[in-house]
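Working notes, structure below.
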Amino acid sequence: MKFKHTFHVFVDNFGIIYKQLLYRLIILLVSGLICSLAIYPFIKELIDSPQLTSLIDGMWGYLTTLLNGDVHELGSISLRVKDAYADFITLLQNKTTSFVLSGLLLLLVYVVSKWFSGLGNYATAAVINDKMALRANSPFLNTLISNLKSAAIYNAIYVPLSIAYDLLIGVAMFFLLFFLLNNILYFLVSVFLFVLAIVVAVTIKMTFTCDWLPALIRGKKGQLGAFKYTFSRTNKSTMSVVSNFAVMCVLIFALNSAALMLTFGVGLLLTIPSSYVMLICFEFVNYYDREEIKYFVDKHTIIAPEKEKTLTREEFFRGER
Numbered sequence: 299m300k301f302k303h304t305f306h307v308f309v310d311n312f313g314i315i316y317k318q319l320l321y322r323l324i325i326l327l328v329s330g331l332i333c334s335l336a337i338y339p340f341i342k343e344l345i346d347s348p349q350l351t352s353l354i355d356g357m358w359g360y361l362t363t364l365l366n367g368d369v370h371e372l373g374s375i376s377l378r379v380k381d382a383y384a385d386f387i388t389l390l391q392n393k394t395t396s397f398v399l400s401g402l403l404l405l406l407v408y409v410v411s412k413w414f415s416g417l418g419n420y421a422t423a424a425v426i427n428d429k430m431a432l433r434a435n436s437p438f439l440n441t442l443i444s445n446l447k448s449a450a451i452y453n454a455i456y457v458p459l460s461i462a463y464d465l466l467i468g469v470a471m472f473f474l475l476f477f478l479l480n481n482i483l484y485f486l487v488s489v490f491l492f493v494l495a496i497v498v499a500v501t502i503k504m505t506f507t508c509d510w511l512p513a514l515i516r517g518k519k520g521q522l523g524a525f526k527y528t529f530s531r532t533n534k535s536t537m538s539v540v541s542n543f544a545v546m547c548v549l550i551f552a553l554n555s556a557a558l559m560l561t562f563g564v565g566l567l568l569t570i571p572s573s574y575v576m577l578i579c580f581e582f583v584n585y586y587d588r589e590e591i592k593y594f595v596d597k598h599t600i601i602a603p604e605k606e607k608t609l610t611r612e613e614f615f616r617g618e619r
């Protein structure tokens with residue numbers, strides 16, 4: 299039922315997708331402009347290097363040979379790819395200073411852009427909560443500004459933790475990919491295991507952070523209280539949350555992959571912001587259901603718990619419903 303209610307809430311808040319899209323495009327444009335101006339000379343030197351050209355040609359040859367079914371040639375091509383990779387690493391080592399400075403700049407831009415994206419997610423969550431609780435059509439920009447302080451503090455905590463987790467998983471996926479590619483006789487199994495590992499990693503992250511935003515926005519908890527609440531799994535039906543997030547991660551991965559291949563990337567303009575909105579909708583549906591709070595899934599339908607939670611005097615005077 300949570301998945302069904304999430305879909306209805308998602309459809310009811312479909313208009314927020316376009317605001318998310320515009321907001322993220324602005325962040326992407328500014329970030330891309332900064333990166334292109336600052337590290338363009340270094341990137342151009344790498345792109346024009348024979349080492350990178352050899353590496354790309356080798357990887358493309360490996361893929362082409364695999365698709366043509368010439369499995370017996372994959373061993374020799376794999377060796378050439380490894381040699382080209384070693385030459386490319388040597389090139390990077392010779393340009394350590396430029397590489398480190400460029401990497402630090404990219405990391406800084408990534409952190410700042412992720413922080414601003416988090417502000418948009420917070421505003422989106424607040425708009426969705428207002429619609430679910432009160433059928434209020436809160437303006438995105440006004441909501442962003444009015445919640446700026448709380449959103450900034452939340453992202454100052456969440457973003458570093460998220461990036462640390464993503465870097466850890468990224469390194470693990472990098473080594474896993476090279477390990478699996480060496481097993482050329484089971485290429486499709488290797489791809490399956492790699493994608494499965496990504497889905498599991500994302501699902502774990504979403505499961506343990508799914509209550510953070512709802513606890514801040516709907517539960518009106520402080521930053522510390524919301525942080526403790528999201529990592530406390532007591533009476534939270536963890537396996538139900540895990541299964542729902544796993545299904546959504548698979549669907550989102552499939553939808554974005556299809557948009558990339560079938561629409562030459564144009565469809566990503568809708569599927570990427572839709573993915574974020576869908577996940578936020580589930581977080582709030584899960585929170586409302588668990589806390590036994592009634593909510594709207596559309597203007598004609600209210601989802602009420604079997605036994606509605608009685609408000610305390612403090613909750614009543616805070617304006618909770």
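Going by my numbering, the first residue of the sequence shown is number 299, and it counts up by one from there.
Ideal Cβ placement from N, Cα and C applies to all residues, glycine included.
Under a 10 Å Cβ-count criterion, Pro437 is classified as exposed, with fewer than 16 other Cβ atoms of the shown protein chains found around its own Cβ.
Remark: C-beta atoms of Gly418 and Leu390 do not approach each other more closely than 9 Å. The three-state reading of DSSP puts Thr599 in strand, counting E and B together. Spatial neighbours of Ile455 in its own chain (CB-CB distance under 8 Å, excluding positions within 5 residues in sequence) are listed in chain order as Gln521 and Phe525. In the three-state scheme derived from DSSP, where H, G and I count as helix and E and B as strand, Phe594 is classed as strand.
Residue range Phe438 to Ser444 is occupied by the alpha helix (DSSP H) that includes Asn440. Burial is judged here by how many other beta carbons sit within 10 angstroms of a residue's own beta carbon; Asn542 has at least 16 and is buried. Classified as exposed, His598 has fewer than 16 neighbouring CB atoms from the shown chains inside 10 Å of its CB.
Residue state for Asp346 is assigned as coil, using DSSP reduced to three classes.
Only exposed fits Asp381, as fewer than 16 other CB atoms lie within 10 angstroms of its CB. The beta carbon of Phe529 is closer than 7 Å to those of Phe506 in its chain, skipping five residues each way along the sequence. Taking C-beta separations shorter than 8 Å and ignoring five residues to either side along the sequence, the partners of Ala424 in its chain run Ser436, Thr441, Asn445 and Ile515, following chain order. Collapsing the DSSP output to three states places Ser530 in coil. Contact between the stretch 566 to 580 and the stretch 325 to 342 is absent: fewer than 3 CB-CB pairs across the two stretches fall below 8 Å. In the structure shown, Ser535 falls within a coil segment according to DSSP collapsed to helix, strand and coil. Secondary structure note for Cys579: its alpha helix (DSSP H) is the uninterrupted segment Leu566 to Arg588. Using a C-beta cut-off of 8 Å, the stretch 313 to 327 makes contact with the stretch 562 to 571, since at least three inter-stretch Cβ pairs fall below that distance.
Going by beta carbons, Asp346 and Lys429 fall outside the 9 Å limit. With distances taken between CA atoms, His303 lies nearest to Val583 out of Ala602, Val583 and Ile591. In summary, Ser400 is buried, with 16 or more beta-carbon neighbours lying within 10 Å of its beta-carbon over all protein chains present. Secondary structure of Thr351 (DSSP, three-state): helix. Ala557 and Val493 have their alpha carbons spaced roughly 17 Å apart. With contacts defined as CB atoms closer than 9 Å, Tyr452 and Tyr420 qualify as a contacting pair.
The three-state secondary structure of Gly373, taken from DSSP, is helix.
Within the same chain, Gly356 come within 7 Å of Arg378 by CB-CB distance, once the 5 residues on both sides are set aside. Counting along the chain, Ala434 sits inside no alpha helix (DSSP H), nor does DSSP assign it H or E at all. Here Cys508 is near Val539, since their CB atoms are less than 9 Å apart. Separation of the CB atoms of Ile354 and Thr363 is rounded to 15 Å, and the pair is thereby denied contact status at 8 Å.
For Tyr574, the closest of Thr395, Leu474 and Ser415 by C-alpha to C-alpha distance is Ser415.
In the structure shown, Thr561 adopts coil according to DSSP, grouped into three states. From the listed residues Lys519, Met299, Lys342 and Val307, the smallest Cα separation to Asn427 is found for Val307. DSSP places Gly517 in the coil class of the three-state scheme, outside both helix and strand. Around Leu361, the same chain offers no residue with a beta carbon nearer than 6 Å, after the five sequence neighbours per side are excluded.
Lys592 and Tyr586 have their C-alpha atoms roughly 7 Å apart. Relative to the Cα of Ile387, the nearest Cα in the group Leu344, Ile315 and Leu403 belongs to Leu344.
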